[in-house]
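Colleague: From first to last, the protein sequence lines stand for chains L and G.
Each residue of the first sequence is one higher than the one before, counting from 1 in this note's numbering.
Each residue of the second sequence is one higher than the one before, counting from 1001 in this note's numbering.
In this text, a Cβ means the ideal position worked out from N, Cα and C, and glycines have one as well.
What you are looking at is a predicted structure, and each value in this text was computed from that prediction instead of being measured.
Structure in structure tokens, see below.
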Amino acid sequence: MFRSYALAPLRCVALALLAVFGFAASLPLMMAIGAVVTYPHVLQVVRRLAGLSRWLARAWGGIVIDPPYREGPVPLPPRRPDGWYEHDGQLFKTRHYPAFFLRMQWLSGDPATARDWMWLLLLGPIGGLVALLAPGLVVAGVLLAAGVTGPGRRALDDAGLTELVAWPFLAVPGWAVLAAGVAAVVTGVLAGPALLRAHGRWARYWLGHPGLTWWQSSGIGAWLRRGGHDTWKAALLLGLSLTGFAMFLLTLLLTLVSGGFGIAWVSYAIRPMLNHYRRLCVTWGGGEPMPDPYRQREGVPEPGPDGRYRVGRTLYATRDGARRAGFFPWILGDPATWRDLAWMATAPLVALLAVVPGVLIGAGYFGLFWQALFWPLWAVPFGLITGVWISPWYVWQLTTLGMPALDVLPGWVSIPIGLALGLLGVLLAGPVLRLIAGWARLLLAPSRSARLTQRVEHLAQTRAEAVDAQSAELRRIERDLHDGAQARLVAVGLSLGTVEQLMDRDPAAARVLLAQARETSAAALAELRDLVRGIHPPVLAERGLADAVRALALDAALPVEVRAELTGQPPAPVATAAYFAVAEALTNATRHAQASRVGVDIRHTGGLLRVTVTDDGRGGAAPSHGGGLHGLRRRLATFDGTLALHSPQGGPTVLTLEIPCALSSPRTSTS
Amino acid sequence: MRVVLAEDLYLLREGLVRLLEAHDFSVVAAVETGPDLLDALLAHRPDVAVVDVRLPPTNTDEGLQAALTARRQVPGLPVLVLSQHVEQLYARELLADGTGGIGYLLKDRVFNADQFVDAVHRVAGGGTAMDPEVIAKLMQQPVRNVPLARLTPREREVLELMAEGRSNAAIGQRLFLSESAVGKHTASIFGKLDLAPSDDDNRRVLAVLAYLNGAA
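Spelled out as structure tokens, the structure:
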């Protein structure tokens, strides 16, 4: 009891030192995060600090804080059948790199990570100040008391610290000062444990499991967070824009040196970055997706009668030469190349606006917290030595140096100024981000003619695939009929002919043959039934999509719940494609995913038929090239339909297909 | 015994008429569209109807819908549905009212005239005749229903044959059991499925219904 009160001020000092250390470390740590390789180690350091703080809160404040970090093993990259490891569309020979990226994503995807960082940034300004209250009171009390007692006074004189307590405006009797000093010491000691608890609670707010506080439920926290994120995003877009501008300058330089070729090389090389930029703009700035606007490269032309290849007005002797020469007209003839260049030249002007919210928020934070916290570290020694006491508030001094007229305002106005600057920055972040994204959309989104060109390319490709698939399907049907039902019917005919001959001579043998003929015809029927089911399931023709899927669900080997909200029937080919997609998904769920239940949801909204198949299996499904899903995707592409597979390791697997179509009135003939 | 027949293919319709009349049925109406079928069923009130699922004019499940509509107006009207393919979905809809007198067979089954005529008689008598293919599909699925899970393998076999619509004697013959032994098994099945003692035929239908519902 007595011990805890006596130790509390010392413990508070330790906490304050930890706060100062954490705060000072936050800057190098944030810089180290930029170097990607050190990222996990930096997070490890931050987690250690947080762990130390949790331990102290429990040991000194009695506040138990459960670590809120994501549980479970860090995901490992899947090993493909060919022995490579895949991550984000890239193949790796060893597990090392993809495992690193996955670990990084896993760590940074943990919401507790962001909260750790907030804790670290606020540790100095808030946690440190709370902790300093108790020792501060004790020290102040001791100093006050020392100032009015003989030996204390002499000690202060020897140390040259008389100034610190010889406050001329304290025109009160010595005993009152002594009493005030003693009272301060007592208060500091008595308040010690309570302050330790308060510090622990504050740490629990950031380092424990997040609960919903008024801060979050009122939306202020979300608003601030969104503003902060928008600031980061705008800054990243600025960085990419500056890269684009640098590439533009390089293009200019290369154009001077090498003529038009430089433009082709540089603008081709920068396309992946610009595509990334397009995706970022859509994700962050909203709006329609921005597909890449570039033309597809044309194949090498067939050689002419003289065996040479013609590209433009030049003839090439080799195929390779023609292919290389085709590169320049392809790039330079694409209007998207010139629009890219226009964006690269102008983007930094717009993107520079991104600096504004960042600077405002930084200045606000600096004024509200940083300055106040670090003031004791430099202004106290400065004041003690020179006798000039600089206000802890803001860069107010600097401002008044420049404009002496402002000197009449008190120093604390920097608080509202800092607050206003910070809020203004948060307020501006969103619009600035949207402005940058909007400018990019103006130049980087495909133009009308580019969209039409792409559409024609897409249609030509899907049509070719559809025709291929159709003829393959017809070949399969022909083969099945030829080898199956047709052959069996020939056999039946033969049997019947023989029966005709045997009827009078050997009725017993004729009866055996008749029975055989019946069995053969039954087998032929069964084969035809299977064939028809594979082409166009009869239940689909009789009942439409929803009931056909229900029939499918009843035949499945695991419980399938079907929810369908359709006011009419989709066109027959669309319904057939959707039906086979569900059939494939159910087969996969049964065979590969080890699911125990499956849900199928069918609805039509906004001119889009959307079918979702969800299973609770182990996930990790990937559409292999040439697999069932790949075939379905090609089939759907004929109707401009899409198929999305979301299947994280450990499940659940969600297969979503969307096909634009209109519904016809219910129950019309589809056969 | 008076029969209404609905089948849109001329050859098959004539073949069925010949087959049925050769077995002492009198075909009072042989129609080829859904609306005609409904009219004929309500006008003639036959002892049994033999109906193709897919009929003009829409070539969807008009036959099935007409049969279901007629059974709503004439409860228990015996209907034997024929189709080129069998679906559990349809079997369930046909059995849903639990009144029996339902058959659901592949068209192939008419090849075996004796078995087919036997099935028509069973349906006319208020029993059931489920195609073995429907039952086979059911058997492939794991049992997810608690009362069904209580059945012994032998009882499941008996229930399977009962679902096809076979009598105790026929089941006994198939499983090499005495008829009384089959009777004990069926009583045990009814008990485990909580089917109160009532008309035996009706209980058989309800057991089949429980079987159909339990497997999904």
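Closer than 9 Å by beta-carbon distance: list the chain L residues that pair up with G/V1053, in chain order.
Modeller: The residue labelled residue 1053 of chain G in the question sits at position 53 within the second sequence. P538, E542, listed in chain order.
Colleague: Leaving out five residues before and five after G/S1188 in sequence, what residues of the same chain have Cβ atoms less than 7 Å from its Cβ?
Modeller: If you number the second sequence from 1, residue 1188 of chain G lands on position 188. Non-local C-beta neighbours of G/S1188 in its own chain, meaning closer than 7 Å and more than five positions away in sequence, comprise E1155, ordered along the chain.
Colleague: Can you say whether L/L552 is buried or exposed, counting buried as having 16 or more other CB atoms within 10 angstroms of its CB?
Modeller: The sequence position of residue 552 of chain L within the first sequence is 552, counting from 1. By the 10 Å Cβ count, L/L552 comes out buried.
Colleague: List the DSSP bridge partners of L/D601.
Modeller: Residue numbering aside, residue 601 of chain L sits at position 601 when the first sequence is read from its first letter. According to DSSP, L/D601 bridges with L/R563, L/T612.
Colleague: Using DSSP's beta-bridge definition, name the partner residues of L/Q569.
Modeller: Residue numbering aside, residue 569 of chain L sits at position 569 when the first sequence is read from its first letter. According to DSSP, which records beta bridges pairwise, L/Q569 is partnered with L/S664.
Colleague: Using the DSSP secondary-structure output, state which residues sit across from G/Y1104 in a beta bridge.
Modeller: Position 104 of the second sequence, counted from the start, is the residue given in the question as residue 1104 of chain G. Per the DSSP secondary-structure output, G/Y1104 pairs in a beta bridge with G/V1081, G/M1130.
Colleague: Taking C-beta pairs closer than 8 Å, name the residues in chain L that G/F1111 reaches, listed in chain order.
Modeller: Residue numbering aside, residue 1111 of chain G sits at position 111 when the second sequence is read from its first letter. The contacting residues are R518, S521, A522.
Colleague: Helix, strand or coil for L/P650 per DSSP?
Modeller: Within the first sequence, numbered from 1, the residue matching residue 650 of chain L stands at position 650. It should be noted that the sequence gives Gly, not Pro, for residue 650 of chain L. It is coil, neither helix nor strand.
Colleague: In terms of DSSP beta bridges, what is G/L1005 paired with?
Modeller: Residue numbering aside, residue 1005 of chain G sits at position 5 when the second sequence is read from its first letter. G/L1005 is bridged to G/A1030, G/V1050.
Colleague: Using CA atoms only, rank isn't needed, just tell me which of L/A581, L/L252, L/A429 is closest to L/E658.
Modeller: Taking the first sequence and counting its residues from 1, one reaches residue 658 of chain L at position 658. With distances taken between Cα atoms, L/E658 lies closest to L/A581.
Colleague: Sorted by chain position, which residues of the same chain lie with C-beta nearer than 7 Å to L/A140's C-beta, five sequence neighbours on each side aside?
Modeller: Residue 140 of chain L sits at position 140 when you count from the first residue of the first sequence. The answer, listed in chain order, is A184.
Colleague: Less than 9 Å between the beta carbons of L/F328 and L/A234, yes or no?
Modeller: Within the first sequence, residue 328 of chain L is the residue found at index 328, counting from 1. Within the first sequence, residue 234 of chain L is the residue found at index 234, counting from 1. Cβ distance not < 9 Å, so L/F328 and L/A234 don't count as in contact.
Colleague: I need the straight-line Cα distance from L/V359 to L/A445, nearest angstrom please.
Modeller: Taking the first residue of the first sequence as 1, we reach residue 359 of chain L at position 359. Taking the first residue of the first sequence as 1, we reach residue 445 of chain L at position 445. Near 30 Å, if we compare the C-alpha coordinates of L/A445 and L/V359.
Colleague: Kindly indicate if chain G contains any beta-carbon less than 9 Å away from that of L/V532.
Modeller: The residue you call residue 532 of chain L lines up with position 532 of the first sequence. Flagged as an interface residue toward chain G: L/V532, by a C-beta distance shorter than 9 Å.
Colleague: Report, in whole angstroms, the separation of the C-beta atoms of G/G1063 and G/G1100, which I expect to be a contact under 8 Å.
Modeller: Here residue 1063 of chain G is taken as the residue at index 63 of the second sequence, counted from 1. Here residue 1100 of chain G is taken as the residue at index 100 of the second sequence, counted from 1. At roughly 20 Å, the Cβ-Cβ gap does not stay under 8 Å, so G/G1063 and G/G1100 are not in contact.
Colleague: On the three-pair Cβ rule with 8 Å, is the segment 130–144 of chain L touching the segment 69–77 of chain L?
Modeller: no
Colleague: Which residues of chain G have a Cβ atom closer than 9 Å to the Cβ of L/A551, listed in chain order?
Modeller: Translated into positions along the first sequence, residue 551 of chain L becomes position 551. Under the 9 Å cutoff, chain G gives E1087, Q1088, L1089, Y1090.
Colleague: In the structure shown, what three-state DSSP assignment does L/Y69 receive?
Modeller: Looking up residue 69 of chain L in the first sequence gives position 69. Coil at L/Y69, not helix or strand.
Colleague: Near G/L1012, which residues of its chain fall below 6 Å by C-beta distance, leaving aside the five closest residues on each side in sequence?
Modeller: Residue numbering aside, residue 1012 of chain G sits at position 12 when the second sequence is read from its first letter. No residues qualify anywhere along the chain.
Colleague: Here's the rule: buried if 16 or more other CB atoms are within 10 angstroms of the residue's CB, otherwise exposed. What is L/T318?
Modeller: Your numbering for residue 318 of chain L matches position 318 in the first sequence. Classified as exposed, L/T318 has fewer than 16 neighbouring CB atoms from the shown chains inside 10 Å of its CB.
Colleague: Can you tell me whether L/D530 is buried or exposed, with buried defined as 16 or more other CB within 10 angstroms of its CB?
Modeller: Numbered from 1 along the first sequence, position 530 holds the residue referred to as residue 530 of chain L. Burial call: exposed.
Colleague: Give the range of the beta strand (DSSP E) segment to which L/R618 is assigned.
Modeller: As a working mapping, residue 618 of chain L is identified with position 618 in the first sequence. First-last for L/R618: undefined, no H or E at that position.
Colleague: Helix, strand or coil: how does DSSP classify L/F92 here?
Modeller: Start at 1 with the first residue of the first sequence, and residue 92 of chain L comes out as number 92. It is a strand residue.
Colleague: Cα separation between L/G128 and L/L17?
Modeller: In the first sequence, the residue the question calls residue 128 of chain L occupies position 128. In the first sequence, the residue the question calls residue 17 of chain L occupies position 17. Cα-Cα distance, rounded: 8 Å.
Colleague: Taking 9 Å as the CB-CB cut-off, is G/D1108 touching chain L?
Modeller: The residue labelled residue 1108 of chain G in the question sits at position 108 within the second sequence. So, interface residue.
Colleague: How would you list, in chain order, the residues of chain L whose beta-carbon sits under 9 Å from the beta-carbon of G/Q1084?
Modeller: In the second sequence, counting from the first residue as 1, residue 1084 of chain G sits at position 84. Ordered by position in chain L, the residues that pass the 9 Å Cβ test against G/Q1084 are L525, L528, R529, V532, P538.
Colleague: Using the beta-carbon of each residue, which ones in chain G are nearer than 8 Å to L/D66?
Modeller: Position 66 of the first sequence holds residue 66 of chain L. Going along chain G, no residue has its Cβ under 8 Å from L/D66, so there is no contact; the nearest lies around 39 Å.
Colleague: To which residues does DSSP link L/A644 through a beta bridge?
Modeller: Taking the first sequence and counting its residues from 1, the one referred to as residue 644 of chain L is at position 644. L/A644 pairs with L/T656.
Colleague: With DSSP collapsed to three states, give me the class of L/V64.
Modeller: Locating residue 64 of chain L in the first sequence gives position 64, where the first residue counts as 1. Looking at L/V64 - three-state DSSP - the assignment turns out to be coil, as it is neither helix nor strand.
Colleague: Quick one, are the C-beta atoms of L/L144 and L/V177 less than 9 Å apart?
Modeller: For the purposes of this step, residue 144 of chain L is taken as the residue at position 144 of the first sequence. For the purposes of this step, residue 177 of chain L is taken as the residue at position 177 of the first sequence. Contact: yes.
Colleague: Quick one: what does DSSP say G/V1086 is sitting in, helix, strand or coil?
Modeller: Along the second sequence, one-based indexing puts residue 1086 of chain G at 86. DSSP places G/V1086 in coil when its eight states are reduced to three.
Colleague: Please decide whether L/D547 counts as near chain G, where near means a Cβ-Cβ distance under 9 Å.
Modeller: Here residue 547 of chain L corresponds to residue number 547 of the first sequence, with the count starting at 1. Look at L/D547: its C-beta is under 9 Å from a C-beta on chain G.
Colleague: Which term fits G/L1009, buried or exposed, when burial requires 16 or more other beta carbons within 10 angstroms of its beta carbon?
Modeller: In the second sequence, residue 1009 of chain G corresponds to position 9, counting from 1. Under this definition G/L1009 is an exposed residue.
Colleague: Just the C-alpha distance for L/A351 and L/Q594, rounded to the nearest angstrom, thanks.
Modeller: Within the first sequence, the letter at position 351 stands for residue 351 of chain L. Within the first sequence, the letter at position 594 stands for residue 594 of chain L. Roughly 50 Å between the two C-alpha positions.
Colleague: Does any C-beta atom of chain L lie closer than 9 Å to the C-beta of G/L1064?
Modeller: Counting from 1 along the second sequence, the entry for residue 1064 of chain G is found at position 64. Yes, contact with chain L.
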